[in-house]
Amino acid sequence: MNSPSKRRKKNDSRPAPVAHRNLDFFFRKQNQPDGVNGHSTQNRDPTSTAAADADRSSSEHALTDEELAWKLQEEWTREDGQQTGKRDNTEEEETRTAAEDREHKASEDREEFVAAALDHPTPEPQPSSDGTKKGLLGLQSTASEEDKTTLTVPFDQSPLTFDPTQYVSELKKHWAADGGDASYALLTRCFVLVNSTQSRIKIVDTLVNCLRLIIEADPDSLLPAVWLATNSIAPPYISQELGLGGSAISKALKKVCGLDGSGLKSLYDKHGDAGDVAFEAKKKQSFTLRKPKPLTIKSAYQTLVKIANSKGQGSVEQKQRLVDRLLQDARGPEESRYIVRTLVQHLRIGAVKTTMLIALGRAFQLSRPEGADFPVREAAQLAKLKKEELAIVWSKAEEVVKTCFARRPNYNDLVPGLLEVGVSDELLLRCDLALHIPLRPMLGSITRDLSEMLTKLQGRDFSCEYKYDGQRAQVHCDERGKVSIFSRHLEVMTDKYPDLVALVPEIRGDGVSSFILEGEVVAVDRNTGELRTFQTLTNRAKKDVDIGTIQIDVCLFAFDLMYLNGEQLLDRPFRERRGLLRSMFVEKEHHFTWVKSIDATSADSDVVLEFFKSATDIKCEGIMVKVLDNVPNPDLVGPGEPEQADKDEALTPAPVTPSKKDKKSARKSQVEKEQEKEKGTRRKALLSTYEPDKRLDSWLKVKKDYATSADTIDLIPVAGWHGQGRKAKWWSPILLACRNPENGSLEVVTKCISGFTDKFYQANKEKYAEGGDNVLGSKPSYIEYSAYEPDVWFEPQEVWEMAFADITLSPTYTAAIGLVNEDRGLSMRFPRFLKVREDKGIEEASTSEFLASLYRKQEARIQATGGQSTVATMGEGEGDREFEE
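Convert by adding 613 to the 1-based position in the sequence shown; the result is the number in our numbering.
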């Protein structure tokens, strides 16, 4: 017999409709006395049936399946509890009555359940006697019990009125349920308040109060809190990068918040910030299958460290699991927002390095951990001081903390020291220079031209040095011969320059055991010694360079010595440091030498000008000018000149580290400096010591670009428009912004269409291609701009050097608003692109304060020449007309 042929399946076939039944239908089936499992229902009362149907209909409309699920969970839990209570009965009694009791009880309780479901709120499932939750359902509410104390701590109060002791005991009780560590919610509360203000004073006060509360309530959480607030997990010289792409965070948001791809893209297109997307996604989530484990400050930081340390095979999956867990444990939208911002390394709360150091200095003036005995100040006493007196108190503590961090830039050293000894001379000893830990480099101030430089250094002996077009390097060597090389950003470059590492034994003199020196690494032609450009140097591999395959040779031009044979030299005059460098080390032609220099005074203008020309002729950027001695040259001070500040310096000997008392007394307080600067009655003191992480007039740089009588500024490209005519296929104009270091935002300054080549336009359009990884869906919230909506927003990632004609007040652009004019920001007329600053990251772009300083210099120059200001206020739309012209 042949098998029956299969029926051909039609293309238009559709599955048979299936009635979806909820939990209430299940209970109706259980309670039907006659019609269950197909039994006859003909004897049922139609009136009661209709009433029951009406009740069931009302119940279905009143409760969702989710709410009914909660009711069922409660019922099963109650049944389990009652059954557990019967275990004390004899086995014989249970056997005889169990079936009858369960049937009767189940019938009654199910009827009560359906009736009560309409009138009672949905409870969460309760644990049974053994602490576990019974039943098949395991839904958990994401809205866990709120810590109302944390949510209402007034961190934005003045530190002189804020009292952490009012909240410590209550917070500790709440934290005790989760292990006793400070909750991440506390840090989130601080972030929310900081993010809600543009006031630098409020930002600092909020951070100070948050740090004080952690110091007094849970000092062990202070270090991870500082790392999290500064948006990092380790110092730059320790390679600990999260290494997360956008896909990891997207996957976590989809999984944790129940989003699909289109939903996530829609949120991102609307908000443009990953943290804001997480906020909205978490806000819409109401249930999860796993109860969140409350995040603590410690656990959040430790998870980030685990992510950074995940290497090798399987690391991608491991990182993904850790990211998922962080977002699952984040309680509420705000925690999710800042966890995601931390993961993308853009926290945007304005807690940059300087702000955090100021906050730490002030916090440890007012609070100390339990058991510590270092002195603190009474807030009530400080409240009685005048504003200027209080500023002096704060500035002394801040200066100590900044000095420690500049010499040893690692919170792992600074914070434990503060917890043990507070802001003290002992802290300076603990955080002094150390080999293989880079100190932050000293920086030079910018001058417009040689005449300005000579005016600033009137009466001083100084050294002029070639400013080579290379990469600044800090070289460390210990007694065992171990060598470390660091960049100006404190990143490790030892593997990049194995030829320099091999060179150290040859250049170290007989009496040198250990040292820290600084110089410029420049690409050279080894045969002729001819200097090559910085772009040539950038073509060299950045790590794991094989010394046998090096094609781009370099020479180290040394210019300073900060540490020698176990003794730090920062407080020695530059003349002495330079003398030790040149006498204790050995030159090697085209490998290691000193920067070319001459010594001069302000009377040697012709010699200096000739030296400047010789520097630019051999492809140097310009010259560096450095004060040689702390004491001014009395033969160079003319009659009637304001020499009092220099006399003060002459009377004060160079301080000896680690004591800073003499040094601080020799220098004016920061407040006094600012007051004298505004009054213009006295010159700023010029010391020839090496001042890590400071930009002072004792080091001045004169670059060939400045010599053309035009300032330059480093800006970040943030957006663009489709060009017109010949430029229709490119982005033109391009919107540029400067940094506001106080709140982490980018403030738009100007548009630019000048200085670009067609080749650059094409490369720029490819880099910022629509729909590409470097383009954002909408304006990020950290960019301040509201006019002339661009066609595309760029991911901020590079710095451009810009020239311009002059700076104007603008009602459109908000850059530096409040620094020069209360109602208007600053913009630039006729901006022109010069080059991409490949040696700078966006955190080193020019600040709004720098822009304001250029404006003030411009106005002062105009007044000095007696001319009228050509800098009219730019009207609405005037900048755009300039571009059209």
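Ideal Cβ positions, reconstructed from N, Cα and C, are used throughout, including at glycine.
Exposed or buried, what is residue i when buried is set at 16 or more other beta-carbons lying within 10 Å of its beta-carbon?
{"i": "Gln1375", "result": "exposed"}
{"i": "Glu1461", "result": "The residue asked about is misnamed: residue 1461 is Ser in this sequence, not Glu. Buried, since its Cβ has 16 or more Cβ neighbours within 10 Å."}
{"i": "Glu1383", "result": "exposed"}
{"i": "Ile1160", "result": "exposed"}
{"i": "Gly651", "result": "Because Gly651 carries a pLDDT of 43, less than 50, the predicted location of this residue cannot be relied on, and the following value inherits that uncertainty. Gly651 should be labelled exposed."}
{"i": "Leu820", "result": "buried"}
{"i": "Gln1087", "result": "buried"}
{"i": "Glu1402", "result": "exposed"}
{"i": "Leu998", "result": "exposed"}
{"i": "Gln1084", "result": "buried"}
{"i": "Ala1400", "result": "exposed"}
{"i": "Glu1001", "result": "exposed"}
{"i": "Pro1305", "result": "buried"}
{"i": "Lys895", "result": "buried"}
Figure out for me which residue from the options has the closest Cα to the Cα of residue i.
{"i": "Ile828", "options": "Asp873, Pro777, Gly792", "result": "Pro777"}
{"i": "His787", "options": "Ile1050, Val807, Lys761", "result": "Lys761"}
{"i": "Leu956", "options": "Asp886, Ala1019, Val817", "result": "Asp886"}
{"i": "Lys1342", "options": "Trp1312, Leu1309, Asp1038, Tyr1381", "result": "Tyr1381"}
{"i": "Arg1191", "options": "Gly1035, Met1106, Met1175", "result": "Met1175"}
{"i": "Gly1179", "options": "Gly792, Leu1130, Thr819, Asp1310", "result": "Leu1130"}
{"i": "Asp1157", "options": "Val1105, Val1013, Val953", "result": "Val1105"}
{"i": "Cys1233", "options": "Asp1173, Thr1146, Leu1222, Arg1185", "result": "Thr1146"}
{"i": "Val817", "options": "Pro837, Ser771, Pro832, Asp794", "result": "Ser771"}
{"i": "Arg1469", "options": "Leu1439, Arg1139, Leu784, Ser1301", "result": "Leu1439"}
{"i": "Leu973", "options": "Gly984, Leu1032, Val936", "result": "Leu1032"}
{"i": "Pro1444", "options": "His959, Arg1043, Phe1170, Val1362", "result": "Val1362"}
{"i": "Ser1311", "options": "Leu1056, Val869, Gly945", "result": "Leu1056"}
{"i": "Lys906", "options": "Ser834, Glu1472, Asp791", "result": "Asp791"}
{"i": "Gly1357", "options": "Ala842, Arg1043, Leu826", "result": "Ala842"}
{"i": "Lys1095", "options": "Glu1223, Ser1127, Ala1010, Leu1067", "result": "Ser1127"}
{"i": "Gln958", "options": "Ser980, Asp1123, Ser845", "result": "Ser845"}
{"i": "Lys1314", "options": "Phe892, Arg1352, Val1221", "result": "Val1221"}
Quick one: Cα of residue i to Cα of residue j, how far?
{"i": "Ile1211", "j": "Tyr1079", "result": "9 Å"}
{"i": "Leu1003", "j": "Arg938", "result": "45 Å"}
{"i": "Ile1163", "j": "Pro1118", "result": "20 Å"}
{"i": "Leu940", "j": "Gln933", "result": "11 Å"}
{"i": "Lys1201", "j": "Leu1116", "result": "9 Å"}
{"i": "Lys1286", "j": "Lys1307", "result": "The predicted model places Lys1286 with a pLDDT of 44, which falls under 50 and marks its position as unreliable, so this point remains unresolved."}
{"i": "Phe1225", "j": "Cys1077", "result": "9 Å"}
{"i": "Tyr1303", "j": "Thr1149", "result": "30 Å"}
{"i": "Leu1359", "j": "Tyr1426", "result": "11 Å"}
{"i": "Lys1069", "j": "Ser1215", "result": "9 Å"}
{"i": "Pro767", "j": "Ala943", "result": "22 Å"}
{"i": "Arg1021", "j": "Lys966", "result": "13 Å"}
{"i": "Gly856", "j": "Pro1247", "result": "58 Å"}
{"i": "Pro1354", "j": "Tyr1395", "result": "12 Å"}
{"i": "Ala1429", "j": "Ala1465", "result": "6 Å"}
{"i": "His1049", "j": "Glu948", "result": "37 Å"}
{"i": "Thr1500", "j": "Arg1093", "result": "There is no way to answer for residue 1500, as the model of the chain reaches only from 614 to 1498."}
{"i": "Lys747", "j": "Ala789", "result": "Confidence at Lys747 is low in this model, with a pLDDT of 41, below 50, so its placement is unreliable and no value can be given for it."}
{"i": "Tyr1531", "j": "Val1028", "result": "Nothing about residue 1531 can be read from this structure; the chain reaches only from 614 to 1498."}
{"i": "Leu1169", "j": "Asp1082", "result": "12 Å"}
Which partner residues does residue i have in the DSSP bridge list?
{"i": "Asp1419", "result": "Arg1442"}
{"i": "Trp1406", "result": "Ala1332, Leu1389"}
{"i": "Glu1360", "result": "Cys1351, Glu1397"}
{"i": "Glu1133", "result": "Arg1085, Phe1170"}
{"i": "Leu1313", "result": "Ser1058, Val1238"}
{"i": "Ser1367", "result": "Arg1445"}
{"i": "Thr1176", "result": "The question names Thr, yet the displayed sequence has Tyr at residue 1176. Its beta-bridge partners are Ile1129, Gln1181."}
{"i": "Ile1050", "result": "Ala1047"}
{"i": "Tyr1079", "result": "Ile1236"}
{"i": "Leu1144", "result": "Val1137"}
Say the cut is 7 Å; is the CB of residue i nearer than that to a heavy atom of the ligand SAM?
{"i": "Leu1249", "result": "This structure lacks the ligand SAM, and indeed carries no ligand of any kind."}
Say whether chain C places a C-beta atom closer than 8 Å to the C-beta of residue i.
{"i": "Leu1063", "result": "The chain inventory of the structure shown lacks chain C, comprising one protein chain alone."}
**Whole runs of the alpha helix (DSSP H) within the segment 828-903, excluding any shorter than 4 residues** = 835-842, 859-870, 874-884, 887-897
**Uninterrupted beta strand (DSSP E) stretches inside the segment 1183-1213 (no shorter than 3 residues)** = 1205-1207, 1210-1213
**Item:** Minimum length 4: unbroken alpha helix (DSSP H) runs contained in the segment 789-814
**Value:** 797-808
**Asked** Which runs of the beta strand (DSSP E), 3 residues or longer, sit entirely within the segment 915-994?
**Response** none
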